[in-house]
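K.L.:
Residue numbers (our numbering), protein chains in the order written: chain W, 1 to 418; chain A, 419 to 836. Using N, Cα and C, we set each Cβ at its ideal position, and we do this for glycine too.
Number of protein chains: 2
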Amino acid sequence: MNLKKEMFKLAKGAKEASISLAKLDSGAKNRILRDVAKRIKRRSSFILAANAKDIRLARTLGISSALCDRLRLDEKRLGVIINSLVAVANLADPVGKTLMKWRRPNGVVISKVSVPLGVVAIIYEARPNVTTECASLCLKSGNSVILRGGKEAYHTNKAFVTIFKEALRGAKVPDAAVSFVEVLDHKAVDHLLQLDELINVVIPRGGEGLIRKVVSLSKIPVIKHYKGICHLYIDKDADLKMAERLVVNAKCQRPAVCNAMETLLVHRSIARRFLPQVARALRTKGCVIKGCDETRKILKTIGRATVKDWATEYLDLILSVRVVSSVDEAIRHIQAFGSAHTDGIVTRNRGTARKFMSEVDSSSVMVNCSTRLSDGFQYGFGAEIGISTDKLHARGPMGLDGLTSYKYVVEGNGQIRT
Amino acid sequence: MNLKKEMFKLAKGAKEASISLAKLDSGAKNRILRDVAKRIKRRSSFILAANAKDIRLARTLGISSALCDRLRLDEKRLGVIINSLVAVANLADPVGKTLMKWRRPNGVVISKVSVPLGVVAIIYEARPNVTTECASLCLKSGNSVILRGGKEAYHTNKAFVTIFKEALRGAKVPDAAVSFVEVLDHKAVDHLLQLDELINVVIPRGGEGLIRKVVSLSKIPVIKHYKGICHLYIDKDADLKMAERLVVNAKCQRPAVCNAMETLLVHRSIARRFLPQVARALRTKGCVIKGCDETRKILKTIGRATVKDWATEYLDLILSVRVVSSVDEAIRHIQAFGSAHTDGIVTRNRGTARKFMSEVDSSSVMVNCSTRLSDGFQYGFGAEIGISTDKLHARGPMGLDGLTSYKYVVEGNGQIRT
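(1) Please state whether DSSP places residue 683(A) in a helix, a strand or coil.
(2) Tell me where the beta strand (DSSP E) around residue 231(W) begins and ends.
(3) Anything in the stretch 233-262 of chain W with a Cβ closer than 7 Å to a Cβ of chain A? List those residues in chain order, please.
(4) What does residue 831(A) touch in chain D if you count any residue whose Cβ is under 7 Å from its own?
(5) What in chain A is Cβ-close to residue 380(W), meaning under 9 Å?
(6) Output needed in chain order: residues of the stretch 109-137 of chain W with a Cβ under 7 Å from some Cβ in chain A.
(7) Quick one: is residue 225(W) near chain A, going by C-beta distance under 7 Å?
(8) From the DSSP output, in three-state form, read off residue 88(W) for me.
(9) What do you get for residue 411(A), buried or exposed, if any count of 16 or more other CB atoms within 10 angstroms of its CB means buried?
(10) List the residues of chain A that residue 174(W) touches, going by C-beta distances under 7 Å, in chain order.
(11) Under 7 Å, Cβ to Cβ, is there at least one residue of chain W near residue 782(A)?
(12) Which one of 822(A), 738(A), 753(A) and 582(A) has the shortest CA to CA distance from residue 453(A)?
(13) Is it true that the CB of residue 417(W) sits closer than 7 Å to the CB of residue 791(A)?
(14) Is it buried or exposed for residue 100(W), if we count other Cβ within 10 angstroms and need 16 for buried?
(15) Please report the residue range of the alpha helix (DSSP H) in which residue 192(W) lies.
(16) Classify residue 517(A) as helix, strand or coil using the three-state DSSP reduction.
(17) Apart from the five residues on each side of it in sequence, which residues of its chain come closer than 6 Å, Cβ to Cβ, to residue 146(W)?
(18) Under the rule that 16 or more other beta-carbon atoms within 10 Å means buried, what is residue 811(A), buried or exposed?
(19) Could you tell me whether the Cβ of residue 341(W) comes closer than 7 Å to any Cβ of chain A?
(20) Using the rule of at least 16 other Cβ atoms within 10 Å of the residue's Cβ for burial, across every protein chain shown, is residue 351(W) buried or exposed?
(21) For the stretch 701-718 of chain A and the stretch 650-658 of chain A, state whether three or more C-beta atom pairs, one from each stretch, are separated by less than 8 Å.
(22) What is the DSSP secondary structure of residue 676(A), reduced to helix, strand or coil?
(23) Verify whether the separation of the beta carbon atoms of residue 455(A) and residue 504(A) is less than 7 Å.
(24) Taking just the CA atoms, how far does residue 643(A) sit from residue 710(A)?
(25) Comparing the C-beta of residue 406(W) with each C-beta of chain A, is any distance below 7 Å?
(26) Does any C-beta atom of chain W lie closer than 7 Å to the C-beta of residue 690(A)?
(27) Between residue 20(W) and residue 174(W), is the Cβ-Cβ spacing less than 7 Å?
(28) Looking at residue 213(W): is its Cβ nearer than 7 Å to the Cβ of residue 184(W)?
(29) Identify, in the order they occur along the chain, each residue of the same chain with its Cβ nearer than 7 Å to the Cβ of residue 415(W), setting aside the five sequence neighbours on each side.
(30) Can you find a CB in chain W that lies within less than 7 Å of the CB of residue 632(A)?
(31) If I'm right that residue 666(A) touches residue 739(A) with Cβ under 8 Å, what's the distance once you round it to whole angstroms?
(32) What's the C-alpha gap between residue 158(W) and residue 131(W)?
(33) DSSP three-state label for residue 276(W), please.
(34) Assign residue 8(W) to one of three DSSP states: helix, strand, or coil.
(35) Residue 357(W) CB to nearest chain A CB: under 7 Å?
(36) Taking Cβ-Cβ distances below 8 Å as the criterion, which residues of the stretch 722-754 of chain A are in contact with chain W?
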């Protein structure tokens, strides 16, 4: 069978399984998820052996020890995975909810009811826990999932999928509900991305290169964020002690993630007071500072930040700093260089905060708190399938509700259109 | 200036205008809409002269008199357009609504607030009232719109846009908030559809050919429905008098629209009783019937419906009929051949109705009422920008809310991520 046909068959199977999956009630779905958790616990040596194979291959291929560490599973990490499966089982079911219900003058009653999307394809890199996370969230929301992980975690991912499939068959659900692209050839993904009649959405998780490639090839809608160029603006009316704490947290708590701050904007009238203080705190954490000309007059020893810096996601302990003359200038900077991911203001002035909240059109706008809080778990969603900087469908941190659509159910007693 | 640059400039202008537009409060937007209505009234001769030009050209080009009639405006039709502009002004503002608000254990308060999408491109055919409808709905929802209408209505569309632009300038809003693609060259659209950094969504309105072309060319998300292959299933427990009335309405009240029924499914145990009765009623309306073998044993004089018929949107007074042995077979037929637009059941059995509602995954599922009710106005949305059979973002009849996204606003007092 050629690759194109093979991918069609895979997607067709997932689509058919999604019809069975959509009929399951919450109890049935949760039983499968708990069964997967139990099976992973019982068969940890099977998973760890597959993982050891990946690690051995990774070493042969000269993959960095940092990446190898991200790949590696042990009993402790498996425990975290098992707990998160049980946590997903304990979440509320996002489908079958009546979102709205109303009666029309002609007597029909209209209900807007949440339903699964159908088939979700996840294309991701490295960490094998993405496999169990995405498979469990899709199952919980009644969606079939097609998983395409990085080749570095191939055997581990396949072992996890094997266990999901066993649990599905145990519950008499077609095991194509959790499908796995076994073919390593890159062209497999190209074929999958053409199947817009079978797959409802693609969620790429990984670096900007992967995401841009998926978007350029896909006929299927893609939910994504390319990057997070996040800002904090320290207003003239800010509590500077709070501002310092938020800046250090937003930049340094975990610099390699998308909701870490990349550019700090500081109001001119407090720059002389605030910048030396925050610079000291940042340097203690090992953070390198680059600045605009005005920043460099205050912090004399730093390098110059140029237009290129304003548009760069460092994902590292580097911060660019710009002095601005007003909240309007801060907003314009964010509009020009931001990525509409997460941007915040620190101010005690409610009017200024309101202006910032209303005019900054980012998926999350923070007032007097860290950009690092923009996250599905922090928001209380209990899960996060990804973060979207798109404006269609889901925006910002995306929990189980992001994996649903809705339908209108119209109940009458003979009403016609006149 | 070459075409590609020209389209970039147009979209860039629309994007910039969308930032001003998003800042307007409801009162300001409604004043502009009412001003447009007044200006259309005052300058009806300007509009009608432009329309007369289109009609003259259409005749020269040998365009059918049916199409000419759809193009033609007169004082009465202008009156309808003016009323609908005022009606949009009177609708509730869909943006700035707090959709949800909650407090997290760490004290931050999260609000999910509706916001405009940004820039909406509408690509449509013939009828010039689509111009005023889409421009007013986009304006109301704080979105810039880029309009690309059919060449047959070119002068009329341009005249309407001129009036929108005058009203915008009168309110000191950049007039690029309502933009119009003046270049007739088809390539203009191809260039526009690449500008995913400037345009947030494309809504094509027209025949399946137009929509498929837009989808195949677009890098921007498209909201659409290709076609409406709508079904009514008459269950063994149906009220047959009601069923007859619903069948005639769903098929004949306006056969050329997407929510008209194309295939009738009838339970075997009532087929002998129901089919002759409904056939008489349909024939009175001039409807031609085609059927499966079993149907043809009952209605002897009709033609054969084949698999091709099940997949055809006639958009005409033609109905294909199939006898099925159960609600399950009806559901399987709809899953196999339907377009997930609107499908209904007629039954007095609540259990059967529940099964149908839950398993038929169409954007609208009707119980004991006509498929023709699936419509934004019938649902009470007060407007309809289109109908979506997609599952992402908006599904089914799409009112003003479909033209919005949301953002999370997180307000704290110094919270960090630990």
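P.N.:
Quick answer:
(1) For the purposes of this step, residue 683(A) is identified with residue 265 of the second sequence, where counting begins at 1. Correct three-state label for residue 683(A): strand.
(2) For the purposes of this step, residue 231(W) is taken as residue 231 along the first sequence, with counting starting at 1. Its beta strand (DSSP E) spans residues 230-234.
(3) 242, 245, 246, 249 and 253
(4) You won't find chain D in this structure, because its protein chains are W and A.
(5) The sequence position of residue 380(W) within the first sequence is 380, counting from 1. By Cβ distance, chain A contributes 520, 522, 523 and 528.
(6) 110, 115, 117 and 118
(7) Stepping through the first sequence from its first residue, residue 225(W) is reached at position 225. Cβ-Cβ to chain A under 7 Å: no for residue 225(W).
(8) Locating residue 88(W) in the first sequence gives position 88, counting from the first residue. Residue state, collapsed to three classes: helix.
(9) Past the boundaries of the shown model lies residue 411(A); chain A is included only from 419 to 836, so the question cannot be answered.
(10) Counting from one through the first sequence, the residue named residue 174(W) turns up at place 174. Residues of chain A passing the Cβ test: none, with the nearest at roughly 15 Å.
(11) Taking the first residue of the second sequence as 1, we reach residue 782(A) at position 364. Yes, residue 782(A) counts as interfacial toward chain W.
(12) As a working note, residue 453(A) is residue 35 in the second sequence. Of the candidates 822(A), 738(A), 753(A) and 582(A), the one whose C-alpha sits nearest the C-alpha of residue 453(A) is 582(A).
(13) Along the second sequence, read from residue 1 onward, the residue named residue 791(A) stands at position 373. Along the first sequence, read from residue 1 onward, the residue named residue 417(W) stands at position 417. Contact flag set, yes.
(14) One-based indexing of the first sequence puts residue 100(W) at position 100. Exposed: under 16 other Cβ atoms inside 10 Å.
(15) Reading the first sequence from its first residue, position 192 is the one you call residue 192(W). Segment 187-192, the alpha helix (DSSP H) holding residue 192(W).
(16) Taking the second sequence and counting its residues from 1, the one referred to as residue 517(A) is at position 99. If DSSP states are grouped into helix, strand and coil, residue 517(A) belongs with the strands.
(17) Along the first sequence, read from residue 1 onward, the residue named residue 146(W) stands at position 146. Same-chain partners within the cutoff: 14, 121 and 179.
(18) The residue given as residue 811(A) occupies position 393 in the second sequence. Buried is the call here.
(19) Counted from its first residue, the first sequence places residue 341(W) at position 341. It does not; no Cβ of chain A falls within 7 Å.
(20) Here residue 351(W) refers to the residue found at position 351 when the first sequence is read from its first residue. Its Cβ having fewer than 16 others within 10 Å, residue 351(W) is exposed.
(21) no
(22) Start at 1 with the first residue of the second sequence, and residue 676(A) comes out as number 258. DSSP places residue 676(A) in coil when its eight states are reduced to three.
(23) For this step, residue 455(A) is matched to residue 37 along the second sequence. For this step, residue 504(A) is matched to residue 86 along the second sequence. Yes, the Cβ-Cβ distance between residue 455(A) and residue 504(A) is below 7 Å.
(24) Position 292 of the second sequence, counted from the start, is the residue given in the question as residue 710(A). Position 225 of the second sequence, counted from the start, is the residue given in the question as residue 643(A). So the alpha carbons of these two residues sit roughly 28 Å apart.
(25) Position 406 of the first sequence holds residue 406(W). True, the Cβ-Cβ gap to chain A drops below 7 Å.
(26) Here residue 690(A) refers to the residue found at position 272 when the second sequence is read from its first residue. By this cut-off, residue 690(A) is not an interface position.
(27) Working through the first sequence from its first residue, we reach residue 20(W) at position 20. Working through the first sequence from its first residue, we reach residue 174(W) at position 174. It is a contact, given that the beta carbons lie within the stated cut-off.
(28) Counting from one through the first sequence, the residue named residue 213(W) turns up at place 213. Counting from one through the first sequence, the residue named residue 184(W) turns up at place 184. Result no, Cβ atoms of residue 213(W) and residue 184(W) do not sit closer than 7 Å.
(29) On the first sequence, position 415 is the one that residue 415(W) refers to. Excluding sequence neighbours, residue 415(W) sits near 106, 107 and 108.
(30) Translated into positions along the second sequence, residue 632(A) becomes position 214. So no, residue 632(A) is outside the interface.
(31) For the purposes of this step, residue 666(A) is taken as residue 248 along the second sequence, with counting starting at 1. For the purposes of this step, residue 739(A) is taken as residue 321 along the second sequence, with counting starting at 1. So it is not a contact: roughly 13 Å between Cβ atoms.
(32) Here residue 158(W) is taken as the residue at index 158 of the first sequence, counted from 1. Here residue 131(W) is taken as the residue at index 131 of the first sequence, counted from 1. Answer to the nearest angstrom: the Cα atoms are 9 Å apart.
(33) Here residue 276(W) refers to the residue found at position 276 when the first sequence is read from its first residue. Helix at residue 276(W).
(34) Counting from one through the first sequence, the residue named residue 8(W) turns up at place 8. In the structure shown, residue 8(W) sits in a helix (DSSP, three-state: H, G or I).
(35) Counted from its first residue, the first sequence places residue 357(W) at position 357. Chain A, which has a Cβ nearer than 7 Å to the Cβ of residue 357(W), makes this yes.
(36) 753
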